[in-house]
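What follows is a single structure, written as structure tokens, with notes after it.
Residue numbers (this note's numbering): 1 to 149.
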């Protein structure tokens, strides 16, 4: 017998194991780096995406100022993006930016308060660039790089 009145923790433990074993949506789906469709940019290389999101490049290939936008820190997509892109966890990314900001070299991407803010900024600002779960892509946005699970 799995659950009994004498041990109420067994069902909770079982549910916890199932939740821990199932990947989150962002882990199982491809992520895409996106720009406003009007930019004319068709694709970016992995190195270009890394350089934009790590503050090394300030321009998109079309010459526009790059405005990188991070998803909110509490969303799993953000951790997955940096793990897939540069194999770094959130603490390593924070340490990277702390060093660069202390030296005055550059600033981190703008952190959005919500996925909705990311979408609105991408549609409003031609030089903005961010990342989404692929199935969230909208007609006004262009996927320029894909990160597989």
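C-beta atoms are modelled at their ideal positions from N, C-alpha and C, and glycine is treated no differently.
Going by beta carbons, residue 44 and residue 33 fall inside the 8 angstroms limit. For residue 143, there is no enclosing alpha helix (DSSP H); the residue is found in the beta strand (DSSP E) stretching over 141–147.
In this structure, residue 142 sits away from residue 49, with a CB-CB distance that is not shorter than 8 angstroms.
When only Cα atoms are considered, residue 123 and residue 140 end up about 7 angstroms apart.
A direct Cα-to-Cα measurement between residue 112 and residue 53 gives close to 14 angstroms. In this structure, residue 64 sits near residue 126, with a CB-CB distance shorter than 8 angstroms.
Cβ-Cβ distances below 7 angstroms link residue 58 to 65 and 66 in the same chain, with the five nearest sequence neighbours on each side left out; the list follows chain order. Looking at the backbone, the Cα of residue 144 and that of residue 60 are separated by about 11 angstroms. Rounded to whole angstroms, the separation of the alpha carbons of residue 51 and residue 78 is 17 angstroms.
Residue range 31–36 is occupied by the beta strand (DSSP E) that includes residue 36, with no alpha helix (DSSP H) assigned at that position. Per DSSP, the beta-bridge partners of residue 70 are 111.
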